[in-house]
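Asker: Last residue of the sequence shown? That's 70 in our numbering, and every number before it is there in order. Just so it is clear, CB atoms sit at the ideal spot from N, CA and C, and this is done for glycine as well.
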Amino acid sequence: MKTKTSISLSNEILSQLDMVNKDGNRSDFIEKALWQYLKLLKRDYRNNKDLQIINEKSLSLNRKAEDVLMYQVNI
-4 MKTKTSISLS
6 NEILSQLDMV
16 NKDGNRSDFI
26 EKALWQYLKL
36 LKRDYRNNKD
46 LQIINEKSLS
56 LNRKAEDVLM
66 YQVNI
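1) Per DSSP, what kind of secondary structure is K34 in: helix, strand or coil?
2) Which one of Q31, K59, T0 has the shortest CA to CA distance from S22?
3) Quick check: the Cα distance between I2 and I49, rounded to an integer number of angstroms?
Written as structure tokens, this is what we have:
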């Protein structure tokens, strides 16, 4: 379901939007752009959370990696 809303945009952003939006439907273009931006924000949040977890566990992970390397045979 869609809800009609009103937003204010600068003339510059509207002219840029009209240049790249060939089908002329601003609402559809803006909605697609917002969905893409929201996906990007969610992905960045997940990546930052993953990095935080890795950093918190780095000492333990490094110790385990060093332990595994001790079993490596020289060729």
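Answerer: If we stick to the structure as given:
1) Residue mapping note: residue 34 aligns to position 39 of the sequence shown, counting from 1. The answer is helix: DSSP assigns K34 an H, G or I state.
2) Locating residue 22 in the sequence shown gives position 27, where the first residue counts as 1. For the residues Q31, K59, T0, the minimum Cα distance to S22 belongs to T0.
3) In the sequence shown, the residue the question calls residue 2 occupies position 7. In the sequence shown, the residue the question calls residue 49 occupies position 54. Looking at the two C-alpha atoms, the distance is approximately 41 Å.
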